[in-house]
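Novice:
2 protein chains.
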Amino acid sequence: MEHMNILVIGGVAAGASFAARARRLAESAHITIIERGPDVSFANCGLPYHIGGEIPKRDVLAVQSAASLKGLLNLDVRVSTEAVAIDRGNKRVEVKNLDTGRSEYISYDKLMLAPGASPLRPPLPGIDDPRIFTLRNLQDMDRIVTATETGMRAVVIGAGFIGLEMTEQLHRKGLSVQLVELQTQVIPPLDAPMAALVESELRGHDISLHLGDGIVRFENEETHVSCHLSSGKCLDADVVILSIGVRPDSELARAAGLELGARGHIIVDPFQRTSDPDIYAAGDAVETIDRIVNSKTAVPMGGPANRQGRVAADHIFMPGKARPYPGSVGTGIVRAFEVVVGITGWSEKRLAAAGLPYETVSVNDSHHASYYPGAKPMTLKIIWEPESGRLLGAQVSGFEGIDKRLDVLSTAIIAGMTVEDLCHLELAYAPPFGSAKDIVNLAGFAACNRRDGLVHHTSELPTDPQTQIVDVRGKALSEAYPVPGKVINIPFPTLRANLDKLDKTRPVLTVCAFGKMSYFAARVLMQHGFTVASFSGGLKANVDPRTPGKLPTS
Amino acid sequence: MEHMNILVIGGVAAGASFAARARRLAESAHITIIERGPDVSFANCGLPYHIGGEIPKRDVLAVQSAASLKGLLNLDVRVSTEAVAIDRGNKRVEVKNLDTGRSEYISYDKLMLAPGASPLRPPLPGIDDPRIFTLRNLQDMDRIVTATETGMRAVVIGAGFIGLEMTEQLHRKGLSVQLVELQTQVIPPLDAPMAALVESELRGHDISLHLGDGIVRFENEETHVSCHLSSGKCLDADVVILSIGVRPDSELARAAGLELGARGHIIVDPFQRTSDPDIYAAGDAVETIDRIVNSKTAVPMGGPANRQGRVAADHIFMPGKARPYPGSVGTGIVRAFEVVVGITGWSEKRLAAAGLPYETVSVNDSHHASYYPGAKPMTLKIIWEPESGRLLGAQVSGFEGIDKRLDVLSTAIIAGMTVEDLCHLELAYAPPFGSAKDIVNLAGFAACNRRDGLVHHTSELPTDPQTQIVDVRGKALSEAYPVPGKVINIPFPTLRANLDKLDKTRPVLTVCAFGKMSYFAARVLMQHGFTVASFSGGLKANVDPRTPGKLPTS
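Order-wise, the sequence lines are chains A and B.
Residues 1 to 554 (UniProt numbering) make up the first sequence, in order.
Residues 1 to 554 (UniProt numbering) make up the second sequence, in order.
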């Protein structure tokens, strides 16, 4: 271990975490980081927020410098230096100083590849226009800051996490923003109904949404860029942000003959070792294990990258004690103005596409005790394995406390908990923070009711004329959010007295605002011999609860 | 099951939840709730907040009425009705209408006891003064509202959760408040250092704290109540709030010959059945199982009460499918002005008192990415079983995001997770919500470092003159928060160049602000052959991070 030569390619999340942990474990190792860009260890997740001015000071994003890393960690950091080739036979890397153009070799005993991932920039006609940006590093950020000003027209292409953050921040800076997304919803990892609140929020801030539409070419006019979409629409832009995904920067690994996965990610073992035992890799460029179904996946996020870097260092310097990287569940969260939405684990559509069995339920509740001022509505959808009840995924949307429920559910999923276990989680309750029965408990109750055969849920309004749709809400809500089609209105407190208004030979669907009263009504009717389903999550789920509006099904 | 007679004594959390679930499962049962007070199903956790005006409308606390419960759940609710005796042989309860004075018998097939717990009111001299209040129900609340006004002097006796909430709310209403607590800290369930931030916050709001002091007698003057403390102090009060704990209202159960625990709680099985199989009990009056060590405990909180009521109803009406109540971990949270603190599971002092083995570490970090505006410091202490690494408890203190970490850790404890598992929890990260390495991950890292022998922690400054105390903070911090005693100042980035200032034959204690740099320094020194301990959690832990102040050890 003494005086081991450690070379790290890429000095941001995974690479910087690796180097820091390596130094903690091996004071005498010689650790070199080479980084193509001029910065190491910058806060890449913060870039959009400086563009919008929400993080006013640029220098807080430059977490460390070569000098500070020398002082703190005794690292030899070489910025503006590119790795040209890995010479595995001689255990050395050819590097090129991008300022001087000079090349040299750096020897290694152990090499860490943390090259990250590049924003996709497809070879569309007109894509080379300097007004079309991607966002990866501080320099990209600076260019966008310089190129944007109040009153400009922006087109953001791709409504994933970064696209949404850029949309929000450009709007914050005073630009008018149009958002284009190939999928028919924003935030493609979510199930569509869970994205509806974000869409409503964006439209409420005058963001034009172009969903189910893709960019096909750009026309580079003198005064603007014309963005031509597959629908035939043309959007004029002073500035275009491309945020349609990333691909792993694995060319160096490929050229060195390291094994890559189907989508070009570097294949690693549970200790982050590549197919060459002296070469490790971590971060956005690697393939990892999905903790839920134990399949291959890639999760280009800061959390996994940091922790993978740490695992690799442990494996080099304390191999007997190192613990494997357990894989990722893919927890993600994004804010769009007042609305927050997040996902952990698998979505319903992903499970359906993979042909895996699942069940799901959505519940609505306040983020803290409803009687305490400021209670905001939220929706929680959980998804589980039918046979075992094991949680497979969760999605949360609302305004406050979204991250909390997401983190509890991510923890529950990682623990292998079932929906039964959710019933008896003991979450912090004082009026400003939660409820005696938190929405996470409620989701467990609803799932167990389903599993016990106490209720049948449906998430679509029936189209057959046989089914009696019974709206059990009070008059005010029924009028504010009318159910489309032929509906029988029986407010729940009067249901027991009005059973004769319903035909026991025909199926019943009960609907309400939040899915609670419709469940109550279903229980009453089932026990009186009706065949009943309850509309899961209620009619107000997934539409902006602050303003009456269209139903998700209309 | 048809037309089963269900009688519920007590109609608040456990009783109301039981009755609601019972109705869902048994439409045809006859369900009667008797409640001594004039209200059922009120929001008892909200009472302090109406007194302070933070919940301005009283009627939001009266969640349901007898009439609304008739409509929603077809319940026969009798308020102002007291259960006088249980006639188990004839399966009936003698009840007395407190308005008319008339008694009658109500028969039951199954009886639910949900009597709750009463605030303690010890027989001290002068305690019957009408200016001395306890807080249990809406009527107590109303009396306190009427009795208090701006400018008055309040003495709150007992600095637990309710006492703190009352302190905050009386201050909010404009009273000057003195807080008396028998323990030498506020919030006795916490380990003392974790309560220090709350104490600082209270003092910052001109709350006088009288810790380690108890009430011995009251003197009932014409203009005020004199509160005489065991220290000899005498506090003058226009109004006194007694919040020194509760005792189970189990007299009825005792008189009926039901088995009670050592502290008077009703003993129940995992389905909430008492020693009489036709009598169930739930809520603050029962003994339950500690989920962590499987011992007997009592957790007088709203969450457990509600869920126990549900379990009992399931056991009566779907016995084959009912799932046992798994026990409680005792998650609690309280806000004191800007500060929030919470606990889940066992504290260090409780483990020590029980003679159980444990290890613990404290970490400090921001509640979200430090580069994103508004990051607030927080402290997390975790406690685990030395051999297995299994989590036994956690405490969190700070300003924002406390409930989130508490809920994640409560879930982890319930799941039986180890400190190793905390390292790879995948918590939601976007700059407004978290960090790439959340404080929960950091706690896992710190615990694993300890278990792997990478660091030795201490939580006390040494008094022996042999130990070299090395302060590795920068000059500014060292001056703002000086370490008491003889200290060698070596800012961490200069440590490697200054090893010759230290004597390798003598032990070293490294200290810093948050426990991170001192760990870094310990690693450097250990690898250079020094015997080192790092000061766990740092010197700023547990003192108000907003203002320089006294160290916890000074």
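A virtual CB, placed ideally from N, CA and C, is assigned to each residue, including glycine.
Since Q527(A) meets chain B, which of its residues come closer than 8 Å, beta carbon to beta carbon?
Specialist: Under the 8 Å cutoff, chain B gives A26, E27 and S28.
Novice: With respect to the alpha helix (DSSP H) encompassing C448(A), which residues constitute its N-terminal and C-terminal limits?
Specialist: C448(A) -> alpha helix (DSSP H) spans I439 to R451.
Novice: Spell out whether any CB of chain A is found under 8 Å from the CB atom of S54(B).
Specialist: Note on residue identity: the sequence assigns Glu, not Ser, to residue 54(B). Cβ-Cβ to chain A under 8 Å: yes for E54(B).
Novice: Does any residue of chain A bring its CB to less than 8 Å from the CB of C45(B)?
Specialist: Yes, contact with chain A.
Novice: Please decide whether L242(B) counts as near chain A, where near means a Cβ-Cβ distance under 8 Å.
Specialist: Output row for L242(B): interface = no.
Novice: Tell me, please, which residues DSSP counts as bridged to L509(A).
Specialist: Paired residue(s): I469(A) and A533(A).
Novice: Look at the alpha carbon of L98(B) and the alpha carbon of Y371(A), and state the distance between them as a whole number of angstroms.
Specialist: C-alpha separation (whole angstroms): 29 Å.
Novice: If you drop the 5 nearest sequence neighbours on each side, which residues of the same chain put their C-beta closer than 7 Å to that of E82(B)?
Specialist: Once the five neighbours on either side are set aside, the close Cβ partners of E82(B) are R36, V95, K96 and L98.
Novice: Is I292(B) close to chain A, meaning its C-beta is less than 8 Å from at least one C-beta of that chain?
Specialist: For I292(B), the answer is no, since every Cβ of chain A falls outside 8 Å of its Cβ.
Novice: Any beta carbon from chain B within less than 8 Å of K504(A)'s own beta carbon?
Specialist: Chain B, which has no Cβ nearer than 8 Å to the Cβ of K504(A), makes this no.
Novice: When Cβ atoms are compared, which residues of the segment 180-205 of chain B fall closer than 7 Å to chain A?
Specialist: Per Cβ criterion, the list is empty.
Novice: Between the alpha carbons of T146(A) and L182(A), how many angstroms are there, rounded?
Specialist: T146(A) and L182(A): Cα-Cα distance of roughly 28 Å.
Novice: Does V216(B) pass the burial test, meaning 16 or more other C-beta atoms within 10 Å, or should it be called exposed?
Specialist: By the 10 Å Cβ count, V216(B) comes out exposed.
Novice: Could you check whether A312(B) and residue 556(B) sit closer than 8 Å to each other, using their CB atoms as the reference points?
Specialist: With chain B represented from 1 up to 554, any question about residue 556(B) goes unanswered, as that position is not in the structure.
Novice: Which residues does DSSP list as the beta-bridge partners of I413(B)?
Specialist: Answer by DSSP bridge pairing: none, since I413(B) is not bridged.
Novice: So the candidates are G116(B), A29(B), H424(B) and L75(B); which of them puts its Cα closest to the Cα of Q308(B)?
Specialist: Considering only alpha carbons, the answer is G116(B).
Novice: Closer than 7 Å between beta carbons: that is the criterion. Which residues of the segment 256-278 of chain A meet it against chain B?
Specialist: If the cut-off is 7 Å between Cβ atoms, the segment 256-278 of chain A has nothing near chain B.
Novice: Take A521(B) and list the residues in its own chain whose beta-carbon comes closer than 6 Å to its own, dropping the five residues that flank it on each side.
Specialist: Answer for A521(B): V472, F492, L495 and T510, listed in chain order.
Novice: So, at 7 Å on beta carbons, what are the nonlocal neighbours of P432(A) in its own chain, with the 5 sequence-adjacent residues on each side left out?
Specialist: H368 and Y372.
Novice: From the DSSP output, which residues share a beta bridge with Y9(B)?
Specialist: The sequence given here places Ile at residue 9(B); Tyr does not occur at that position. Partner(s): I34(B) and L113(B).
Novice: Using the Cβ count rule (16 or more neighbours within 10 Å means buried), how would you classify R263(B)?
Specialist: Exposed.
Novice: Looking only at its own chain, which residues have a Cβ that is under 7 Å from the Cβ of G529(A), when we skip the five neighbours before and after it?
Specialist: Excluding residues within five positions, the ones whose Cβ falls inside 7 Å are K504.
Novice: Use the C-beta contact count for K381(B): other C-beta atoms within 10 angstroms, 16 or more gives buried, fewer gives exposed.
Specialist: Burial call: buried.
Novice: CB-CB under 6 Å to P507(A), same chain, minus the five flanking residues each way: which ones, in chain order?
Specialist: Excluding sequence neighbours, P507(A) sits near T467 and T531.
Novice: Please classify I267(A): does DSSP put it in a helix, a strand, or coil?
Specialist: Note: I267(A) maps to coil in three-state DSSP.
Novice: Could you check the C-alpha separation between I241(A) and D213(A) for me, to the nearest Å?
Specialist: Approximately 16 Å, taken between the alpha carbons.
Novice: Hey, out of R78(B), D407(B) and I86(B), whose CA is closest to V396(B)'s CA?
Specialist: Looking at the Cα atoms, D407(B) is the closest of the given residues.
Novice: Considering only residues of the segment 296-330 of chain B, which uninterrupted beta strand (DSSP E) runs meet the minimum length of 3 residues and lie entirely inside it, listed in chain order?
Specialist: Within the segment 296-330 of chain B, no complete beta strand (DSSP E) run reaches 3 residues.
Novice: Quick one: does K381(B) have its CB under 8 Å from some CB of chain A?
Specialist: No, K381(B) does not count as interfacial toward chain A.
Novice: Measuring CB atoms only, is the segment 444-456 of chain A touching the segment 166-182 of chain B, in the sense that at least three cross pairs come out at less than 8 Å?
Specialist: Flag = no, the segment 444-456 of chain A and the segment 166-182 of chain B do not touch.
Novice: Restricting to runs no shorter than 4 residues, where is the alpha helix (DSSP H) found entirely within the segment 44-129 of chain A?
Specialist: You should have 47-51 and 66-73.
Novice: From the DSSP output, which residues share a beta bridge with Y280(A)?
Specialist: In the DSSP output, where bridge partners are listed per residue, Y280(A) has M112(A) and R273(A).
Novice: Quick check: the Cα distance between C227(B) and G46(B), rounded to an integer number of angstroms?
Specialist: Roughly 27 Å between the two C-alpha positions.
Novice: Cutting at 6 Å between CB atoms, please list the residues of its own chain near H315(A), excluding the five before and the five after it.
Specialist: Excluding residues within five positions, the ones whose Cβ falls inside 6 Å are F271 and A322.
Novice: In the DSSP assignment, find the unbroken alpha helix (DSSP H) run with D421(A) in it and report its ends.
Specialist: Here the alpha helix (DSSP H) through D421(A) covers V419 to C423.
Novice: If I follow the unbroken alpha helix (DSSP H) through F514(B), where does it start and stop?
Specialist: Careful: F514(B) lies outside any alpha helix (DSSP H) and carries neither H nor E.
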